[in-house]
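To keep things clear, I will list the structure first and then write my remarks on it.
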């Protein structure tokens, strides 16, 4: 139950390594689910908004008229393609990942029992990361391809939680399971926190074109 690291007597229990890998897996899973919620703000074209400016003066304003500017001021930040999605389409894209999770939770634990927890965890995380990197491509192809890609991300990240619980039941002593479960599940909050921060920074930068960097780096 111990792992030798380096030269000498540096010994780390395997359950500590499992806790570290488990929190990384849960952090990655939730970040892949939530990064689109921030990136969609930069992916979509800004809607036209009319601005009205008024002139204020101490003199009589009977001859003055309010100045109405119907041309929106647009600041072009990136040359990457923007999309014109209706609110209904946005809801379908954002919700596709959760529909995928409905079908992904059930087979996760059973597949871990049949093929092993480590193997299934790596495969599902690899599939979700690959689909995340494909989002900029599928978004340009069609909205249906994007929805399908988001569905696969939800389907592939959903089994992470039951697989981790399966591994906890196999690797962690009964007296330490409650702490280990809490520590591993902390990655879900950590992943959302890091995803929102990094996504906002990448969308506002010129790195890889702005919003595509969110999915290229995450994937």
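In UniProt numbering, the protein residues as written are 1 to 219.
Even for Gly, the Cβ is constructed at its ideal location relative to N, Cα and C.
Coil, strand or helix - residue i by DSSP
| i | result |
| --- | --- |
| residue 176 | helix |
| residue 45 | coil |
| residue 162 | helix |
Nearest residue (CA-CA) to residue i, options the options
| i | options | result |
| --- | --- | --- |
| residue 17 | 171, 208, 217 and 101 | 171 |
| residue 181 | 12, 11 and 25 | 25 |
| residue 192 | 100, 27 and 115 | 27 |
| residue 22 | 144, 125, 196 and 198 | 125 |
| residue 159 | 111, 88, 212 and 89 | 111 |
| residue 88 | 36, 109, 38 and 143 | 143 |
| residue 209 | 195, 187, 11 and 82 | 82 |
| residue 37 | 93, 86 and 11 | 93 |
Whole-angstrom distance between residue j and residue i, CA atom to CA atom
| i | j | result |
| --- | --- | --- |
| residue 32 | residue 173 | 30 Å |
| residue 164 | residue 136 | 30 Å |
| residue 202 | residue 107 | 34 Å |
| residue 105 | residue 155 | 8 Å |
| residue 146 | residue 95 | 12 Å |
| residue 161 | residue 206 | 35 Å |
| residue 200 | residue 98 | 22 Å |
| residue 204 | residue 43 | 11 Å |
| residue 19 | residue 13 | 10 Å |
| residue 84 | residue 45 | 6 Å |
| residue 29 | residue 184 | 12 Å |
| residue 153 | residue 127 | 8 Å |
| residue 190 | residue 178 | 19 Å |
| residue 91 | residue 140 | 18 Å |
| residue 15 | residue 157 | 23 Å |
| residue 34 | residue 102 | 16 Å |
| residue 49 | residue 41 | In this predicted model, residue 49 has a pLDDT of only 48, less than 50, meaning its place in the structure is not dependable enough to derive any value. |
| residue 212 | residue 175 | 45 Å |
| residue 113 | residue 151 | 24 Å |
| residue 138 | residue 115 | 31 Å |
| residue 39 | residue 188 | 19 Å |
| residue 149 | residue 100 | 10 Å |
| residue 194 | residue 86 | 28 Å |
| residue 197 | residue 109 | 31 Å |
_contact_flag[the segment 154-168, the segment 120-138] where n(CB pairs < 8 Å) is 3 or more_ = Between the segment 154-168 and the segment 120-138, the count of C-beta pairs closer than 8 Å reaches three or more; the two stretches touch.
*If you pair each beta-carbon of the segment 131-149 with each one of the segment 209-218, do three or more pairs fall below 8 Å?*
Segments in contact, yes.
*Jot down the residue ranges of each uninterrupted alpha helix (DSSP H) in the segment 99-147, minimum 4 residues, whole runs only, in chain order.*
If you keep only unbroken alpha helix (DSSP H) runs of at least 4 residues inside the segment 99-147, you get 117-133 and 135-141.
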